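Quick note on numbering that gives the first Met the number 0: the sequence shown kicks off at 0 and runs consecutively.
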Amino acid sequence: MEFLRYKKARGGYRLGVNIKGAFYDLADCYRRYRDLRGGRLPGVPAALAAASLRALLASPGVDAFLEALRGHGAGDGARALDAAVLTLGAPLHDPGRFIGIGLNYRSHAREVGQPVPPEPPLFAKWANAITGPRDDVRLPPQSQAVDYEVELGVVIGRRARRVGLNEALDHVFGYTVINDVSARDLQFRTGQWLAGKISDGFAPMGPAVVERTDVGAPQDLVLETWVNGELRQQGRTSDMIYDVPALVSHLSHLITLEPGDVIATGTPAGVGMSRTPPSYLAAGDVVRMRITGIGVIENRFVVPH
0 MEFLRYKKAR GGYRLGVNIK GAFYDLADCY RRYRDLRGGR LPGVPAALAA ASLRALLASP
60 GVDAFLEALR GHGAGDGARA LDAAVLTLGA PLHDPGRFIG IGLNYRSHAR EVGQPVPPEP
120 PLFAKWANAI TGPRDDVRLP PQSQAVDYEV ELGVVIGRRA RRVGLNEALD HVFGYTVIND
180 VSARDLQFRT GQWLAGKISD GFAPMGPAVV ERTDVGAPQD LVLETWVNGE LRQQGRTSDM
240 IYDVPALVSH LSHLITLEPG DVIATGTPAG VGMSRTPPSY LAAGDVVRMR ITGIGVIENR
300 FVVPH
């Protein structure tokens with residue numbers, strides 16, 4: 000299943016689900032669940048009212064609801080949505096934590112002339128950076144070196160505290176596509192990367208969060224980036240220095256990971272700053288990113304207000 004956040008021409012955002020190619024409103028699915036089975040699932044109605052996938056994953060009733068959806072007990076009888084009229088937002092707009100991993104692909108470490116890091120370099124993004132899979136991204140006026148990075152996003156589904164490698168994936172709910180937009184001049188102005196990572200709109204995400212079991216092995220995915228139709232990045236998650244289980248396990252020994260936390264797992268070679276000469280994004284550029292089994296995001300970069 001694929002979980003998304005959408006709105007129609009009128010009204011605010013709502014949570015939806017793609018079940019075998021048919022799109023449903025999750026609140027409608029929940030009403031169908033209650034019609035068929037009776038009772039209430041704690042926390043689920045509030046999460047759906049808030050259109051928050053994070054709140055849904057953290058709710059006490061989520062396991063029963065997901066089980067019903069997988070068995071079509073909630074989707075059966077619900078009215079399918081017309082995908083053509085939906086505006087997609089970021090599927091998870093309010094993570095408790097948004098953790099970035101630097102230099103996590105061997106090809107990228109080589110292209111920037113850096114050694115393999117002895118442990119994953121960490122940085123943070125905040126919710127203000129998150130934007131939808133088709134939204135425009137405004138170039139910040141304080142930067143002249145805005146770059147793109149296609150990344151596999153990992154969404155935590157179960158609390159993870161000091162978990163081992165063999166159990167790490169059990170705590171992952173699903174995956175999404177993230178563009179870790181980076182202002183290189185701000186990023187490297189100090190020893191901390193934060194200033195180059197946190198501008199509004201610097202984390203286009205989507206088009207959905209695809210359940211882990213539907214994606215399969217997270218270390219066998221192809222990541223691609225096009226800028227104005229030109230292929231710039233093409234890599235495989237098998238090139239990761241620290242794979243998804245290693246990242247989840249490592250982070251869970253530093254902090255307690257909670258449902259709805261997001262990990263951006265690094266980018267392969269081909270970023271703009273490593274081209275000769277460097278090629279940064281300008282107003283009007285369109286960046287398209289794809290990860291096999293997850294989907295496509297496409298964002299136009301525009302002048303600031």
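Glycine is no exception: its CB is placed at the ideal position from the N, C-alpha and C atoms.
Predicted model, so just to flag it, every value in this text is computed and none were measured.
Which of helix, strand or coil does DSSP assign to residue i?
i, result
"residue 242", "coil"
"residue 64", "helix"
"residue 223", "strand"
"residue 180", "coil"
"residue 306", "Because the chain in this structure spans residues 0 to 304, residue 306 falls outside the shown range and cannot be described."
"residue 130", "strand"
"residue 286", "strand"
"residue 113", "coil"
"residue 232", "strand"
"residue 165", "helix"
"residue 52", "helix"
"residue 93", "coil"
"residue 195", "helix"
"residue 159", "strand"
"residue 13", "strand"
"residue 137", "strand"
"residue 263", "strand"
"residue 47", "helix"
"residue 256", "strand"
"residue 79", "strand"
Rounded to whole angstroms, what's the CA-CA distance from residue i to residue j? Just pull it up for me.
i, j, result
"residue 14", "residue 206", "13 Å"
"residue 297", "residue 253", "34 Å"
"residue 113", "residue 106", "10 Å"
"residue 192", "residue 216", "30 Å"
"residue 247", "residue 70", "29 Å"
"residue 181", "residue 148", "8 Å"
"residue 0", "residue 119", "30 Å"
"residue 250", "residue 95", "14 Å"
"residue 311", "residue 276", "Given that the chain is displayed from residue 0 to residue 304, the structure contains no residue 311 and the question cannot be resolved."
"residue 80", "residue 48", "18 Å"
"residue 255", "residue 158", "7 Å"
"residue 171", "residue 290", "17 Å"
"residue 33", "residue 51", "20 Å"
"residue 379", "residue 98", "As shown, the chain starts at 0 and ends at 304. That puts residue 379 outside it, with no answer to give."
"residue 110", "residue 268", "6 Å"
"residue 68", "residue 35", "12 Å"
"residue 19", "residue 233", "28 Å"
"residue 93", "residue 29", "22 Å"
"residue 146", "residue 221", "20 Å"
"residue 271", "residue 115", "20 Å"
"residue 266", "residue 140", "25 Å"
"residue 300", "residue 65", "36 Å"
"residue 133", "residue 208", "15 Å"
"residue 40", "residue 63", "8 Å"
"residue 135", "residue 31", "36 Å"
"residue 302", "residue 286", "15 Å"
"residue 176", "residue 59", "27 Å"
"residue 137", "residue 6", "22 Å"
"residue 281", "residue 194", "19 Å"
"residue 38", "residue 196", "44 Å"
"residue 117", "residue 82", "45 Å"
"residue 239", "residue 17", "29 Å"
"residue 186", "residue 78", "47 Å"
Rounded to the nearest angstrom, how far is the Cβ of residue i from that of residue j, given a contact under 8 Å?
i, j, result
"residue 61", "residue 43", "7 Å"
"residue 90", "residue 211", "Between residue 211 and residue 90 the Cβ distance is about 14 Å, and since that is not below 8 Å, they are no contact."
"residue 306", "residue 264", "Residue 306 falls outside the range modelled here, since the chain spans only 0 to 304, and no answer is possible."
"residue 12", "residue 144", "About 32 Å; that fails the 8 Å criterion."
"residue 293", "residue 104", "17 Å between Cβ atoms; not a contact."
Name the DSSP bridge partner or partners of residue i?
i, result
"residue 27", "Paired residue(s): none; residue 27 is not in a bridge."
"residue 6", "86"
"residue 204", "177"
"residue 18", "21"
"residue 298", "286"
"residue 98", "123, 262"
"residue 151", "176"
"residue 146", "181"
"residue 104", "239"
"residue 210", "173"
"residue 118", "According to DSSP, which records beta bridges pairwise, residue 118 is partnered with nothing at all."
Against chain C, with Cβ distances strictly below 8 Å, would residue i count as a contact?
i, result
"residue 264", "No chain C is present in this structure, which holds just one protein chain."
Problem - Cβ pair count under 8 Å reaching 3, the stretch 124–135 against the stretch 196–212 - result: yes
Exercise for the section: Could you tell me whether the stretch 38–57 touches the stretch 254–272, where touching means 3 or more Cβ pairs closer than 8 Å? Expected result: yes
Practice task
May I ask you to verify whether the stretch 18–32 touches the stretch 218–229, counting CB pairs closer than 8 Å and requiring at least 3?
Solution key: no
Practice task
Taking 8 Å as the threshold, find out whether the stretch 127–135 comes into contact with the stretch 143–163 through three or more Cβ pairs.
Solution key: no
Practice task
Count the CB pairs spanning the stretch 160–178 and the stretch 238–247 that are closer than 8 Å, and state whether there are at least three.
Solution key: yes
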